[in-house]
Structure formats: structure tokens, C-alpha cells
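Inspection log for the structure reproduced underneath, given as C-alpha cells.
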Amino acid sequence: MQSSSNLFPVALISAERRGDLSEDVYRLKPGNSPDGTVELAVTRLGLADVAQTRGTPVILLHGSFSNRRFWYSPKGIGLGAYLARQGFDVWIPEMRGHGLSKRNHDYVKNRIADYARYDLPAIGAFVREQSAQIPHWIGHSLGGITLAAALGGQFLGAPAVASVALFGCQVSRTHWPLKIPPVEWGGRFILKRLAQLSGPRFKRGPEDEPAGVMIEAMRWNGLFGRFGDRERDWWKGLADVDVPLLAVSAVGDQQDPDWACRKLFEQVGAEHRQYLCLGRQQGFSGDFGHVEMLVSKAAQVEVWPLVERWLKDPLTPLFAAPAEALAPV
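In the UniProt record's numbering, the protein residues as written are 1 to 329.
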């Protein structure tokens, strides 16, 4: 079968019409990581009744225990569908072993370091090849952390990134028991025996997460931990990032609190950056939560239009919300 890309083997595994939207699903086999069995599913959304001319590309990265349905429900509801209807060229990857992406041979050892070093650059290169434009990137929770790791590790940069938006994304919330080495070692031992954590079982989401991702996060929070791998300090690398940045937190987010999201935002050295907190005191209808900041009826009305405005002009402050909610720098 002929590849859909000149970069690496890519197969178009489905092309469907979903109401007013077109849905093309590609399977990428980048072959750029030590595990040669890695395959990544990437869904492309567009308007079904519009000519093939596509708009500005946007790549949406889901969080932990999740998949493409966070951005695009079977009924055609979600930020991904909204942006497609506004004329954007929407791309929704699913990380290794999530959604339509098959579990790779070393699935249990998957790490954010692998996603950032190998997968995101391959996805970005494919989107640039297909769209002939530099994409914008949006990440929620673990998707945002992966994006921050790719930027801080210099695996992605300005030539491949038009702008970045991070929702509910932080790496500074400290879990003090993990500072005690025996506790961290015990946690690693348990996770290795489990191999993966079940999202449905623990009511965290529809997908499992491999032990490797959890062990990696425990290492960051350990006694001498840092946001990085053995080769690079991603946290320090963020200071050299110079792409337009939007960071969004939510007052009601207990998992990734506002102060921690703001700390990550302040570490990024971009000239053009804005910080947005979603809460009543900031002029919004309520104190949004970790998921509700993007998946809720209130988000459809209050947040999605802000995202659209940001994507159309990342260099201009967002004035749609009250001035105190936004912190342009």
C-alpha cells in the first residue's frame, strides 16, 4: 500500500463523514524511537461540504487516561469539532496505546520523555507536510506536560510551532511523601507489578496509563527529582522557549491548582505570553474544574471562543474576558 506521506509509512485507515464534519484517521509508523512497533493514530477533522482548502492547522493533545474523544465526541461535540466548524484544520493524535493507537511492544515502559522526544516531532512533521503550514499546539493536563517537555527539551521549537496553549498543566505540585526514598521506591515497586493503571477502575477516564508514565512522574517528585530526563533539564530549557504562549488554569481544579500552573507559565521565556484563570472572581460564570475548563456547556460559551480568538491572533491580548482574568506579559 502506498504511504500517505513521504516522511515515513502512513496509512489512511478510515475516511468518514460525521454529520457536517469529515473525519480522516491516519496510522503513523515513524520508526524514530527504540521501540520500532510504535504506531500513532491521528484524526483529522474538517468541514465535509467545504472545498479541500484547509485552514490553519491545530494539534490537540489529550491528557492522561484519555483519548481523542476528549476533543471530539461521537455526536460531534467538543473543542476539536468547534474549531473545525470555525475553519481550522484540526488534528487529534492519540498517544501510544490510547484510543486507536495500538499498544506498542514496550507499552508498560512508555514515558513522557518518549512522547516528547519521538512522537510529537513526528506528528508535527506529518501535519506540516500535509497542511504546508506551521501548526498551533494545544495540550490539556498530561498532553500539556508532554508539550512543555518537548519545548523545554528542544525537541520542538519555533520552526515547528506557531503557538502553544496549555490547559491545566503544571509540574510543581509537591507530593511530600515521595521525598522519602523508601516511599518512592515502594511506589515504583507496586507500579512495576501492576504494569498499568486502569482509568475506568479508578474512575479517572476511559483509558489505561502505562506504569512507565507514573514512575516517571514519581521520579520528578522524588528527593532529588527534576522535570527532565537524564540528558536534559526540561524546566531550565523552558526559559529559552520563544513561541507565543497561552496558559489556562481553573479555580476549581484540585489536580493542577492555579498557583502551580502559573509557576510553569512564569518559567517560559516567551516574549508573547498570556495567563488566564477561569473562576467567578475573574468574571466567569463559575469556578471551572480540571475537565470542565474544556468539556462543559459553560466552556462552550466562555472558553472555546477565547481559544478561537487566541489561535487567530496569539500576539494580541484576549479582551473577551474581564481584564483581571488575563495577565499579558
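Even glycine gets a Cβ: it sits at the ideal position worked out from N, Cα and C.
Tell me the rounded alpha-carbon separation between residue 47 and residue 71.
16 Å
Measure the CB-CB distance between residue 21 and residue 76 and report whether it falls below 7 Å.
yes
Which of helix, strand or coil does DSSP assign to residue 12?
strand
Which of helix, strand or coil DSSP assigns to residue 326:
Any reading at residue 326 is ruled out, since the residue's pLDDT is 48, under 50, leaving its predicted position unreliable.
Can you look up residue 112 in the DSSP assignment and give me helix, strand or coil?
helix
For the pair the region 147–158 and the region 91–102, tell me if three or more CB-CB distances fall below 8 Å.
no
Are the C-beta atoms of residue 58 and some chain B residue less than 7 Å apart?
The chain inventory of the structure shown lacks chain B, comprising one protein chain alone.
The beta strand (DSSP E) that contains residue 158, what's its start and end?
Looking at the DSSP string, residue 158 is not in any beta strand (DSSP E), and its letter there is neither H nor E.
Assuming contact is defined by CB atoms lying nearer than 7 Å, are residue 131 and residue 9 in contact in what I supplied?
no
Under the three-state reduction of DSSP, which class applies to residue 203: helix, strand or coil?
coil
Beta-carbon within less than 7 Å of residue 229's beta-carbon, same chain only, minus the 5 sequence neighbours each way: which residues are those?
Around residue 229, the same chain offers 113 as residues with beta carbons nearer than 7 Å, after the five sequence neighbours per side are excluded.
If I'm right that residue 277 touches residue 170 with Cβ under 8 Å, what's the distance once you round it to whole angstroms?
About 13 Å separates the two Cβ atoms, so there is no contact after all.
Apply the 10 Å Cβ neighbour rule to residue 315 and answer buried if 16 or more other Cβ atoms are within range, or exposed otherwise.
exposed
Buried/exposed call for residue 348, threshold 16 Cβ in 10 Å
This structure gives no information on residue 348, because the portion of the chain shown stretches from 1 to 329.
Mind reading off the beta-carbon distance from residue 16 to residue 27? Whole number of angstroms is fine, and I expect it under 8 Å.
About 15 Å separates the two Cβ atoms, so there is no contact after all.
Please state whether DSSP places residue 5 in a helix, a strand or coil.
In the structure shown, residue 5 adopts coil according to DSSP, grouped into three states.
Residue burial classification, residue 196 (beta-carbon count within 10 angstroms, cutoff 16)
buried
Per DSSP, which one or two residues make a beta bridge with residue 89?
DSSP lists 57 as partners of residue 89.
Smallest Cα separation from residue 239: which of 287, 267, 249, 167?
Among 287, 267, 249, 167, the Cα nearest to that of residue 239 is on 267.
Reduced DSSP category for residue 277 - H, G, I as helix; E, B as strand; rest coil
Residue 277 falls in the strand class under three-state DSSP.
Count the CB pairs spanning the region 284–293 and the region 206–215 that are closer than 8 Å, and state whether there are at least three.
no
List the DSSP bridge partners of residue 62.
Paired residue(s): none; residue 62 is not in a bridge.
For residue 308 versus residue 86, is the C-beta spacing smaller than 7 Å?
yes
Tell me the DSSP bridge mates of residue 246?
BP columns for residue 246 point to 165, 274.
Less than 7 Å separating the beta-carbons of residue 125 and residue 45?
no
Looking at residue 246 and residue 310, is the spacing between their C-beta atoms short of 7 Å?
yes
Where does residue 232 fall in DSSP's three states?
Residue 232 carries a coil assignment under DSSP once its states are collapsed to helix, strand and coil.
Can you say whether residue 74 is buried or exposed, counting buried as having 16 or more other CB atoms within 10 angstroms of its CB?
exposed
Among residues of its own chain, excluding the 5 on either side of residue 32, which ones have a beta-carbon nearer than 7 Å to its beta-carbon?
A distance below 7 Å between beta-carbons, with the five flanking residues on each side excluded, links residue 32 to the following residues of its chain, in chain order: 118, 122.
Exposed or buried, residue 163, counting other C-beta atoms within 10 Å across all chains shown (16 or more means buried)?
With 16 or more Cβ atoms within 10 Å of its Cβ, residue 163 is classed as buried.
Cα-Cα, which of 200, 257, 36 is closest to residue 167?
Of the candidates 200, 257, 36, the one whose C-alpha sits nearest the C-alpha of residue 167 is 257.
Per DSSP, cross-strand counterpart(s) of residue 44
According to DSSP, residue 44 bridges with 24, 91.
Note the first and the last residue of the continuous beta strand (DSSP E) segment covering residue 145.
Per DSSP, residue 145 belongs to no beta strand (DSSP E); it is in the alpha helix (DSSP H), 142–152.
Do you know whose CA, among 80, 42, 37, 30, lies nearest residue 300's CA?
Closest by alpha carbon: 80.
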